[in-house]
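Letter 125 of the sequence shown, counting from 1, is numbered 397 in my numbering, and no numbers are missing.
Accompanying notes for the structure given below.
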Amino acid sequence: MYTPDRPRAATGGRQRGEVVTQQSKIHLYVAFQDDDSISVFTVDSATGQLDWQEAVTVEGGPAPLAISPDKDVLHVGRRGSQQLSSYRIDQGTAGLSLIGTVPLQGEPVYVAMDRSGRYLLSAYYYQSTAAVHAVGADGAATFPPVEWRYTSHGAHAIQTDRSNRFAFVPHIANRGPNAIFQFRFDETTGRLTPNEPPRHSPREYLGPRAFVFHPTLDTVYFSDEQGGSVTAYNLDTSAGTLMPFQTISTLPAGYSEPNTCSQIRIAPSGRFLYAPNRGHNSVASFTVDPSTGRLTATGRVPTEPVPRAFNLDPDGRFVVVGGQDSGRLATYRIDQDRGQLTPLETYEGGNNPMWVLMTRLAG
273 MYTPDRPRAA TGGRQRGEVV TQQSKIHLYV AFQDDDSISV FTVDSATGQL DWQEAVTVEG
333 GPAPLAISPD KDVLHVGRRG SQQLSSYRID QGTAGLSLIG TVPLQGEPVY VAMDRSGRYL
393 LSAYYYQSTA AVHAVGADGA ATFPPVEWRY TSHGAHAIQT DRSNRFAFVP HIANRGPNAI
453 FQFRFDETTG RLTPNEPPRH SPREYLGPRA FVFHPTLDTV YFSDEQGGSV TAYNLDTSAG
513 TLMPFQTIST LPAGYSEPNT CSQIRIAPSG RFLYAPNRGH NSVASFTVDP STGRLTATGR
573 VPTEPVPRAF NLDPDGRFVV VGGQDSGRLA TYRIDQDRGQ LTPLETYEGG NNPMWVLMTR
633 LAG
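This is the structure in structure tokens:
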């Protein structure tokens, strides 16, 4: 667990004479599963500097995080204790106060809110399940779930599209079906109904794991865990089905050592996309064609060992990566012309960083 008596930064530092105000800062949450804690940082929006604020004890192995659309509540999946917990966010300090916990029948590996903020969606890799919990008036997830739907082994994520009418659940290839399950989502009841067809199965051994929607195009990008690649799909917004149109490697030519992809993020502008490599230990960057959504690789930057968790700040200027093996956090500046990453600093963190979330609060 990160504590104030540790060195804040392993490399780099703030410029002499630089003035940082509270108004310029963004807040960062990092779930350290093996420390049973969530660390809270501020992020300077001009320099990308991280400043540790506190560590909130969350027993039971906190891992996936999701924030409500109004940014009032942080939802936490607790893998070890098999629970979902909801925390009120202090808009001034970003501090967390527990408001509710519900039991689960498995280990949540992913949580996300639907677009209305009325439902909390979750995926269960080992329990082969996708679930939906209603959110109560206090903002906390409620029990029992309105949906607990069996899919297949290796369910790794779940999100609704921009219309909030469709949901997708990717499943990896290794011991999984190598498929994306396609659902219709009822935002009134929170129920999931298999779409037609109920799944998309890639022809190649890709292992779709995580995904992001382009902010304006009808395009969805999946990280391919086994394929070491990113696959771009056209989304039929009437039918709620996916059709692939590009698969591009996240690795340098000739690389043949073991590697798996993890999470995937797109810049708020929709111009740049990023996918880490666990094995090559790098973050691959891509530019996004504003008309077609096609990707062009722009290189890779070295990062901490096993970069499972990472995220961008709300302005799309900085990236924070958590090294699962080292426990350290690495920060990068995003080039606003080409999207390439420039290393900034490395910070001591904690044990097993599983999720990185950045947000700007009202306070």
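Where is the CB? At the ideal position from N, CA and C, for every residue including glycine.
From a predicted model like this one, the values you see are computed outputs, not experimental measurements.
From residue i to residue j, what does the alpha carbon distance come to, in whole angstroms?
| i | j | result |
| --- | --- | --- |
| Gly-622 | Glu-326 | 13 Å |
| Phe-485 | Gly-542 | 9 Å |
| Lys-297 | Thr-314 | 6 Å |
| Ser-369 | Val-383 | 19 Å |
| Asp-365 | Ala-634 | According to the sequence displayed, residue 365 carries Thr and not Asp. Thr-365 and Ala-634: Cα-Cα distance of roughly 10 Å. |
| Ile-371 | Gly-411 | 8 Å |
| His-299 | Ile-452 | 33 Å |
| Thr-631 | Ser-400 | 30 Å |
| Glu-331 | Gly-462 | 28 Å |
| Thr-532 | Pro-577 | 12 Å |
| Arg-610 | Glu-617 | 21 Å |
| Gln-612 | Gly-588 | 12 Å |
| Asp-386 | Ser-521 | 30 Å |
| Ser-358 | Ser-340 | 10 Å |
| Pro-470 | Arg-437 | 15 Å |
| Tyr-398 | Glu-379 | 7 Å |
| His-552 | Pro-530 | 8 Å |
| Gln-354 | Phe-415 | 13 Å |
| Ala-511 | Asp-585 | 32 Å |
| Thr-614 | Phe-558 | 14 Å |
| Val-592 | Gly-349 | 20 Å |
Beta-carbon separation of residue i and residue j under 8 Å?
| i | j | result |
| --- | --- | --- |
| Asn-467 | Arg-475 | no |
| Val-502 | Leu-545 | yes |
| Leu-507 | Asp-433 | yes |
| Ser-495 | Ile-536 | yes |
| Asn-446 | Gly-408 | no |
| Tyr-396 | His-405 | no |
| Tyr-477 | Gly-499 | yes |
| Thr-603 | Phe-590 | yes |
| Gln-579 | Arg-550 | For clarity, residue 579 is Pro in the given sequence; the question names Gln instead. Yes, these two residues count as a Cβ contact at 8 Å. |
| Leu-514 | Val-492 | yes |
| Val-374 | Ala-413 | yes |
Here's a check: name, in chain order, each residue in its chain whose Cβ is nearer than 6 Å to the Cβ of residue i, leaving out the five neighbours to either side.
| i | result |
| --- | --- |
| Met-626 | Ala-303, Gln-305, Ala-335, Ala-581 |
| Glu-497 | Ile-444, Gly-479, Arg-481, Thr-532, Cys-533 |
| Leu-489 | Gly-565 |
| Arg-351 | Gly-333, Ala-335, Glu-379 |
Going by beta carbon distance, what residues of the same chain come within less than 8 Å of residue i, once the five residues before and after it are set aside?
| i | result |
| --- | --- |
| Thr-329 | Asp-308, Ser-309 |
| Arg-566 | Ala-504, Phe-517, Gln-518, Val-560 |
| Thr-423 | Ser-400, Thr-401, Ala-402, Val-441, His-443, Phe-453 |
| Asn-624 | Phe-304, Gln-305, Asp-306, Asp-307, Gln-596, Gly-599 |
| Thr-293 | Only weak support exists for where Thr-293 lies, its pLDDT of 40 falling under 50; the value from the coordinates is given anyway. Around Thr-293: no qualifying Cβ. |
| Asp-362 | Leu-368, Ser-369, Gly-635 |
| Glu-419 | Ala-402, Ala-403, Val-404, Gly-462, Arg-463, Leu-464 |
Can you tell me where the beta strand (DSSP E) with residue i in it begins and where it stops?
| i | result |
| --- | --- |
| Lys-297 | 297-304 |
| Glu-617 | 613-619 |
| Gln-325 | 322-329 |
| Gly-594 | 590-594 |
| Glu-468 | 464-472 |
| Ala-403 | 401-406 |
Which residues does DSSP pair with residue i in a beta bridge?
| i | result |
| --- | --- |
| Ser-557 | Tyr-546, Gly-571 |
| Leu-376 | Partner(s): none; Leu-376 has no beta bridge. |
| Ile-538 | Leu-545 |
| Ile-371 | BP columns for Ile-371 are empty, so no partner. |
Sorted by chain position, which residues of the same chain lie with C-beta nearer than 7 Å to residue i's C-beta, five sequence neighbours on each side aside?
| i | result |
| --- | --- |
| Tyr-301 | Ile-310, Val-312, Leu-337, Leu-346, Leu-629 |
| Ser-388 | Asn-436, Glu-459 |
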